[in-house]
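What follows is a short report on a single structure.
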Amino acid sequence: MLIKLAALTMLPMLMVGGVVMNSSIMLVDVDTDDIRIVVPVPLALVQVVLAFAPDEVKYVHVPEIAEYLPYFDRIVEELRAVPDALLVQVQDHGEHVKIFKRGDVLRIEVDERGDQMVRVSVPLAALAAMVDAYDPDTQTIRTSRLIRALKAAPSGELVHVIDDDEEVRIRMW
Amino acid sequence: MNRRLIALTAAVIVLTGSAAVVQAQESSWIHIRVDEADGVKVNVNLPMSLVEIAMEVAQDHVFGDHHGIDIGRHHDLELADLRRMWEELRLAGDAEYVVVDDDDEHVRIYRQDDTVHIEVDDNDGDEKVRLQIPFSVVDVLLEGEGDELNLAAALREMANANDGQILQVQDGDTDVNIWIDTNPQG
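So the protein sequences, as listed, match chains A and B.
Each residue of the first sequence is one higher than the last, beginning at 1 in this note's numbering.
Each residue of the second sequence is one higher than the last, beginning at 1001 in this note's numbering.
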């Protein structure tokens, strides 16, 4: 009886563990002068939690996207088709902005005078999945599909921001 | 056997040619370089296919429910007059259209090898503008209906027709260069 009870108790934990082990993990790393927080976020677990979230969280109303959606899809396709290239570079005294395509990733780099820096990698597959996550009829984004889009992102750094004394990194595992 | 071989060779040539044309259209890039004397530098390299989409967005959401840019509502200039003028210019062949010499600057507009050249030079030698527009680009630009300029089609034509310099401006402090070629980095 005790063995059965133990097995029953372990089952949810094993299930959660299984989900986590098979899941892409987003690592959020926030480092300030005072504290450093590192949070591993298993995306499969987020999807499970989302199922119990209120509708405002599950469906985010963004009507502005609707009219640009058809173009967005084509832009992603065109970006996939073109070779790797530096698309935009602006040097304005202490500021430097670069947008370039490398493989299937669109990379944005901003350096400002002093200690401010932004690096964002946008996987084109994730962009395409974001388009799929949008429902033009209800003009909402399904957050569960956004999470799926994130799962499509390759391993590596997605976001790296340094703003004076704070540093934020978001990486995919 | 010979007929088959000739047909096969012809098919290969046609297919290869078509592929090359498609490839050439797909791989055109527009480059914009801005260099300012105070150190500001702008470097933009965009595939023409993306520029076309941007133009469609602009036409649909900035200029309203038109396929082109309506110039008739905002200016006294009738596009029909412009089209007639353009037809006259087409018939004239290579020629010098406009030459203006005044105290400040020298302006020259002329056609050479199916390209319209606009050149402006100030007399101090500080400012220089060179604009080159292929004839076929203006043709399709004026193809729009009524008082509309068909800018998207003009861009497509520019990608096909112009493999080279479009605009060059040297204005003392600022240099601007716009050109199209097949090299992603210009």
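C-beta: ideal position from N, C-alpha, C; glycine also.
Note that the structure is predicted; figures quoted are calculated from it, not measured.
Whole angstroms are fine: how far does the CA of Val90(A) sit from the CA of His1031(B)? Position 31 of the second sequence, counted from the start, is the residue given in the question as residue 1031(B). Position 90 of the first sequence, counted from the start, is the residue given in the question as residue 90(A). The straight-line gap from Cα to Cα measures roughly 13 Å.
If you measure from the beta carbon of Pro83(A) to each beta carbon in chain B, is any gap under 9 Å? What you label residue 83(A) is simply residue 83 of the first sequence in a count that begins at 1. Closer than 9 Å: yes.
Tell me the rounded alpha-carbon separation between Pro42(A) and Val110(A). Within the first sequence, numbered from 1, the residue matching residue 42(A) stands at position 42. Within the first sequence, numbered from 1, the residue matching residue 110(A) stands at position 110. If I take the Cα positions, the gap works out to 29 Å.
Short CB-CB distance (under 9 Å) between Arg174(A) and chain B: Residue 174(A) is absent from the structure shown; chain A starts at 1 and stops at 173.
Over what stretch of residues does the alpha helix (DSSP H) that includes Pro70(A) continue unbroken? Position 70 of the first sequence, counted from the first residue, corresponds to residue 70(A). Element bounds for Pro70(A): 69-81.
What does the alpha-carbon distance come out to for the pair Leu1005(B) and Leu158(A)? As a working note, residue 1005(B) is residue 5 in the second sequence. As a working note, residue 158(A) is residue 158 in the first sequence. Because Leu1005(B) carries a pLDDT of 43, less than 50, the predicted location of this residue cannot be relied on, and the following value inherits that uncertainty. For Leu1005(B) and Leu158(A), the distance between alpha carbons rounds to 55 Å.
Is DSSP giving Arg1090(B) helix, strand or coil here? The residue given as residue 1090(B) occupies position 90 in the second sequence. Reduced to three states, the DSSP call for Arg1090(B) is helix.
Run through chain A and tell me which residues come within less than 8 Å of Ser1049(B), C-beta to C-beta. Position 49 of the second sequence, counted from the first residue, corresponds to residue 1049(B). Correct list: Glu78, Ala81, Val82.
Same chain, Cβ closer than 8 Å to Gln1185(B), five either side skipped, listed in chain order: Within the second sequence, numbered from 1, the residue matching residue 1185(B) stands at position 185. Result list for Gln1185(B): Asn1045, in chain order.
Sort out for me which residues DSSP pairs Thr32(A) with in a bridge. Against the first sequence, residue 32(A) aligns to sequence position 32. Beta-bridge partners assigned by DSSP to Thr32(A): none are found.
Where the stretch 86-101 of chain A meets chain B: residues whose CB sits under 8 Å from a CB there: When CB distances to chain B are screened at a threshold of 8 Å, the residues of the stretch 86-101 of chain A falling below it are Leu86, Leu87, Val88, Gln89, Val90, Gln91, Asp92, His93, in chain order.
Would you kindly work out how many angstroms separate the C-alpha atoms of His221(A) and His96(A), rounded to a whole number? Here chain A comprises residues numbered 1 to 173, so residue 221(A) is not present and cannot be evaluated.
Test: Glu56(A) CB closer than 9 Å to a CB of chain B: The count along the first sequence starts at 1 and reaches residue 56(A) at position 56. It does not; no Cβ of chain B falls within 9 Å.
Backbone secondary structure at Gln1168(B) - three-state DSSP: For this step, residue 1168(B) is matched to residue 168 along the second sequence. Correct three-state label for Gln1168(B): strand.
Quick one: what does DSSP say Thr1115(B) is sitting in, helix, strand or coil? As a working mapping, residue 1115(B) is identified with position 115 in the second sequence. DSSP places Thr1115(B) in strand when its eight states are reduced to three.
First and last residue of the uninterrupted beta strand (DSSP E) at Ser121(A): The sequence position of residue 121(A) within the first sequence is 121, counting from 1. Membership of Ser121(A) in the beta strand (DSSP E) is indicated by the continuous run 116-123.
Measuring straight from C-alpha to C-alpha, what distance separates Ala1095(B) and Gln1112(B)? Stepping through the second sequence from its first residue, residue 1095(B) is reached at position 95. Stepping through the second sequence from its first residue, residue 1112(B) is reached at position 112. About 7 Å.
How would you write the range of the beta strand (DSSP E) that Arg1130(B) sits in, first residue to last? For the purposes of this step, residue 1130(B) is taken as the residue at position 130 of the second sequence. It spans 1127-1134 - the beta strand (DSSP E) in which Arg1130(B) sits, taken as one unbroken run.
Who are the Cβ neighbours of Leu1142(B) in its own chain at under 8 Å, not counting the five residues just before and after it? Position 142 of the second sequence, counting from 1, holds the residue named residue 1142(B). Cβ neighbours of Leu1142(B) beyond the five flanking positions: Leu1079, Leu1082, Arg1083, Trp1086, Leu1149, Asn1150.
For a cutoff of 9 Å on Cβ pairs, would you count Gln1185(B) as touching chain A? By 1-based counting over the second sequence, the position of residue 1185(B) is 185. Gln1185(B) counts as touching chain A.
Taking C-alpha atoms, which residue in Tyr59(A), Ala85(A), Ile162(A) lies nearest to Ser144(A)? Position 144 of the first sequence, counted from the start, is the residue given in the question as residue 144(A). For Ser144(A), the nearest C-alpha among the options comes from Tyr59(A).
I want to verify the contact list: residues of chain B whose CB lies under 8 Å from the CB of Tyr71(A), in sequence order. Residue 71(A) sits at position 71 when you count from the first residue of the first sequence. Correct list: Ile1053, Glu1056, Val1057.
Contact between the stretch 114-121 of chain A and the stretch 129-146 of chain A is defined here as three or more beta-carbon pairs at a separation below 8 Å; is this criterion met? no
Expressed to the nearest angstrom, what Euclidean distance is found between the alpha-carbon atoms of Asn1183(B) and Ser155(A)? In the second sequence, counting from the first residue as 1, residue 1183(B) sits at position 183. In the first sequence, counting from the first residue as 1, residue 155(A) sits at position 155. Their backbone Cα atoms lie some 30 Å apart in a straight line.
In the DSSP assignment, the alpha helix (DSSP H) including Ile147(A) goes from what residue to what residue? Here residue 147(A) is taken as the residue at index 147 of the first sequence, counted from 1. From DSSP, the alpha helix (DSSP H) with Ile147(A) extends over 143-151.
Extent of the continuous beta strand (DSSP E) to which Val1099(B) belongs: Walking along the second sequence from the start, residue 1099(B) turns up at place 99. Residues 1095-1101.
Does any residue of chain A bring its CB to less than 9 Å from the CB of Asp1173(B)? Against the second sequence, residue 1173(B) aligns to sequence position 173. Chain A, which has no Cβ nearer than 9 Å to the Cβ of Asp1173(B), makes this no.
For Thr1016(B), which residues from the same chain have a beta carbon less than 8 Å from its beta carbon, with the 5 sequence-adjacent residues on both sides left out? If you number the second sequence from 1, residue 1016(B) lands on position 16. For Thr1016(B), the predicted structure reports a pLDDT of 36, less than 50, and the residue's modelled location is therefore unreliable. The matter cannot be settled from this model.
Would you call the CB atoms of Leu79(A) and Phe100(A) closer than 9 Å? Residue 79(A) sits at position 79 when you count from the first residue of the first sequence. Residue 100(A) sits at position 100 when you count from the first residue of the first sequence. Going by C-beta atoms, Leu79(A) is not nearer than 9 Å to Phe100(A).
For Ser1028(B) and Ala1159(B), which I take to be in contact (beta-carbon distance under 8 Å), what is that distance rounded to the nearest angstrom? Here residue 1028(B) refers to the residue found at position 28 when the second sequence is read from its first residue. Here residue 1159(B) refers to the residue found at position 159 when the second sequence is read from its first residue. Between Ala1159(B) and Ser1028(B) the Cβ distance is about 4 Å, and since that is below 8 Å, they are a contact.
Can you list the residues of chain A that Val1042(B) reaches, using a CB-CB cut of under 9 Å? On the second sequence, residue 1042(B) is found 42 positions in, with the first residue counted as 1. Correct list: Val88, Gln89, Val90, Gln91, Asp92.
Among the candidates Lys151(A), Ile162(A), Ser121(A), whose CA atom is the shortest distance from the CA of Trp173(A)? Walking along the first sequence from the start, residue 173(A) turns up at place 173. The candidate whose alpha carbon is nearest that of Trp173(A) is Lys151(A).
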